[in-house]
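Residue numbers (my numbering), protein chains in the order written: chain C, 3 to 196; chain S, 3 to 196. First the structure, in the form of structure tokens, and then the observations on it.
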DNA sequence: GTCTATAGAACGATAGAC
DNA sequence: GTCTATCGTTCTATAGAC
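Here it is as structure tokens:
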């Protein structure tokens with residue numbers, strides 16, 4: 003009789019795959035992409051090195067999946083904050099989550115990585131932009147542009163503080179400055195030349 | 003007697019190297035990193051494919067040099083505009099140069115590329131940040147943070163318009179919106195919640 | 001009995017230590 | 001510059017599910 007996967011073996015396969023993804027996420031959150039070698043991921047997941055390739059065609063594919071899931075978590079959290087408390091809450095949530103998990107934030111925002119993952123990073127920023135665009139005050143004219151500028155501003159301002167070489171920052175002061183920057187940028191005031 | 007390079011051969015070597023760099027820049031400016039295969043670069047530079055590796059240890063090293071030079075040009079132009087006309091002029095120069103050379107701007111700002119070049123992109127953004135920080139109005143408190151936010155805002159807002167899949171935009175309207183965004187963000191107004 | 005999934009060593013390439 | 005360690009990936013034998 004030919005071999006056919008059953009519910010039981012399928013569940014095992016999925017569980018092993020999940021362990022691999024979780025192990026990679028944890029390693030990246032602790033030490034960035036450098037720490038997530040295939041051997042290290044396999045060891046932490048409790049599978050053999052070669053077995054990683056039964057679940058993912060390449061390491062890049064694994065990283066893409068890990069990146070996609072982690073970034074989706076961030077987008078969801080920010081979108082929820084935006085719906086609850088508007089732009090200020092969205093910016094604050096974005097920044098506080100990044101500062102609380104600096105190493106992961108660095109991996110998501112700026113750490114150099116395989117181009118396949120970089121492409122995912124573009125999608126990640128687009129998702130943030132769309133979330134902010136939906137929450138902008140009504141008077142804003144080009145909402146997509148303003149939302150992109152906002153995401154770029156917050157993201158880039160955080161790159162320094164979350165970078166491994168970055169000095170320690172006062173979290174509250176940083177968040178306050180970022181929120182103020184965003185609210186001023188979105189205000190209806192006539193801009194004054196400087 | 004052992005071979006020793008003369009002035010003449012050294013000049014030839016440098017000239018050939020420059021042609022390779024120029025060819026790579028032109029190909030990237032026309033079709034992004036995809037268009038800059040080593041074979042295509044060599045053909046355009048008028049050298050043999052293998053000769054590229056006489057000047058650069060790897061393709062990544064060549065790309066890093068091209069990226070560094072191209073990004074330095076942009077930083078210099080923006081820094082000059084900042085010194086001449088302040089933040090508004092700096093933002094306008096940044097945006098207009100990007101929109102005039104969209105494909106190159108895309109390559110510099112966002113196109114997924116080898117991690118070695120990504121590292122250069124981080125330096126590129128830091129250089130922009132420092133240039134803006136030096137030109138901020140005196141009342142701005144955390145100048146480094148504000149400058150980073152500004153660079154992120156302008157850069158990210160341009161990613162859509164300069165992307166190969168991006169629709170056509172009204173350049174003047176885009177520039178005006180970006181300058182206004184920046185000036186409001188840097189104003190002394192008390193931010194109003196939204 | 002037939003076939004898959006897994007483990008773990010082996011391989012060529014490369015990056016970092018010295 | 002040389003060398004070693006480690007990387008991503010592939011291969012082969014085996015255990016186990018059907």
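Here a beta-carbon is modelled for each residue, glycine too, at the ideal position from N, C-alpha and C.
Limits of the unbroken alpha helix (DSSP H) element including residue 181 of chain S: Locating residue 181 of chain S in the second chain gives position 179, counting from the first residue. Counting along the chain, the alpha helix (DSSP H) containing residue 181 of chain S begins and ends at 173-188.
Amino acids of chain C, ordered along the chain, whose beta-carbon sits closer than 7 Å to that of residue 194 of chain S: Here residue 194 of chain S is taken as the residue at index 192 of the second chain, counted from 1. Simply 185, 189.
Other residues of its chain near residue 146 of chain C: CB distance less than 8 Å, five sequence neighbours each side excluded: In the first chain, the residue the question calls residue 146 of chain C occupies position 144. Cβ-Cβ distances below 8 Å link residue 146 of chain C to 131, 135 in the same chain, with the five nearest sequence neighbours on each side left out; the list follows chain order.
Cβ-based neighbour list, residue 114 of chain S, same chain, cut-off 6 Å, excluding 5 preceding and 5 following: Here residue 114 of chain S corresponds to residue number 112 of the second chain, with the count starting at 1. Around residue 114 of chain S: no qualifying Cβ.
Minimum Cβ-Cβ distance from residue 88 of chain S to chain C less than 7 Å: For the purposes of this step, residue 88 of chain S is identified with residue 86 of the second chain, where counting begins at 1. So yes, residue 88 of chain S belongs to the interface.
Where residue 134 of chain C falls: helix, strand or coil (DSSP): Here the question's residue 134 of chain C lines up with position 132 in the first chain. Residue state for residue 134 of chain C is assigned as helix, using DSSP reduced to three classes.
Span of the alpha helix (DSSP H), counted from its first residue to its last, around residue 57 of chain S: Walking along the second chain from the start, residue 57 of chain S turns up at place 55. First-last of the alpha helix (DSSP H) with residue 57 of chain S: 54-57.
Classification of residue 163 of chain S by the beta-carbon crowding that lies within 10 angstroms, buried from 16 upward: Here residue 163 of chain S is taken as the residue at index 161 of the second chain, counted from 1. When all chains shown are included, residue 163 of chain S counts as buried.
Residue-level contact to chain S via CB, residue 153 of chain C, 7 Å cutoff: In the first chain, the residue the question calls residue 153 of chain C occupies position 151. Chain S contact via Cβ: present.
Within-7 Å CB hit, residue 101 of chain S to chain C: Position 99 of the second chain holds residue 101 of chain S. For residue 101 of chain S, the closest Cβ of chain C is not nearer than 7 Å.
Residues of its chain near residue 65 of chain S, where Cβ-Cβ distance is below 6 Å and the 5 sequence neighbours each way are ignored: Walking along the second chain from the start, residue 65 of chain S turns up at place 63. Answer for residue 65 of chain S: 119, listed in chain order.
Contact set between residue 112 of chain C and chain S, taken where Cβ atoms lie within less than 8 Å: Counting from 1 along the first chain, the entry for residue 112 of chain C is found at position 110. The answer, in chain order, is 124.
Per-residue burial, residue 116 of chain C [other beta carbons within 10 Å of its own, 16 or more giving buried]: To locate residue 116 of chain C, count along the first chain from 1; it is residue 114. Looking at its Cβ environment, which holds 16 or more other Cβ atoms inside 10 Å, residue 116 of chain C is buried.
Close Cβ partners of residue 173 of chain C (< 6 Å) along its chain, the five nearest in sequence each way excluded: For this step, residue 173 of chain C is matched to residue 171 along the first chain. Closer than 6 Å at the Cβ level, and outside the excluded window around residue 173 of chain C, lie 101.
Alpha carbon of residue 81 of chain C to alpha carbon of residue 74 of chain C, nearest angstrom: If you number the first chain from 1, residue 81 of chain C lands on position 79. If you number the first chain from 1, residue 74 of chain C lands on position 72. Cα to Cα, residue 81 of chain C sits roughly 10 Å from residue 74 of chain C.
Own chain residues within Cβ distance below 8 Å of residue 103 of chain S, not counting five before or after: Translated into positions along the second chain, residue 103 of chain S becomes position 101. Excluding residues within five positions, the ones whose Cβ falls inside 8 Å are 31.
Pair within 7 Å by beta-carbon distance, residue 157 of chain S and residue 154 of chain C: Looking up residue 157 of chain S in the second chain gives position 155. Looking up residue 154 of chain C in the first chain gives position 152. In this structure, residue 154 of chain C lies closer than 7 Å to residue 157 of chain S by Cβ.
Residue 93 of chain S versus residue 96 of chain C: straight-line alpha-carbon distance, rounded: Locating residue 93 of chain S in the second chain gives position 91, counting from the first residue. Locating residue 96 of chain C in the first chain gives position 94, counting from the first residue. Looking at the two C-alpha atoms, the distance is approximately 25 Å.
Inter-residue spacing [alpha-carbon to alpha-carbon] between residue 25 of chain S and residue 123 of chain C: Translated into the one-based positions of the second chain, residue 25 of chain S becomes position 23. Translated into the one-based positions of the first chain, residue 123 of chain C becomes position 121. If I take the Cα positions, the gap works out to 29 Å.
With 16 other Cβ atoms within 10 Å as the buried cut-off, status of residue 193 of chain S: What you label residue 193 of chain S is simply residue 191 of the second chain in a count that begins at 1. Result: buried.
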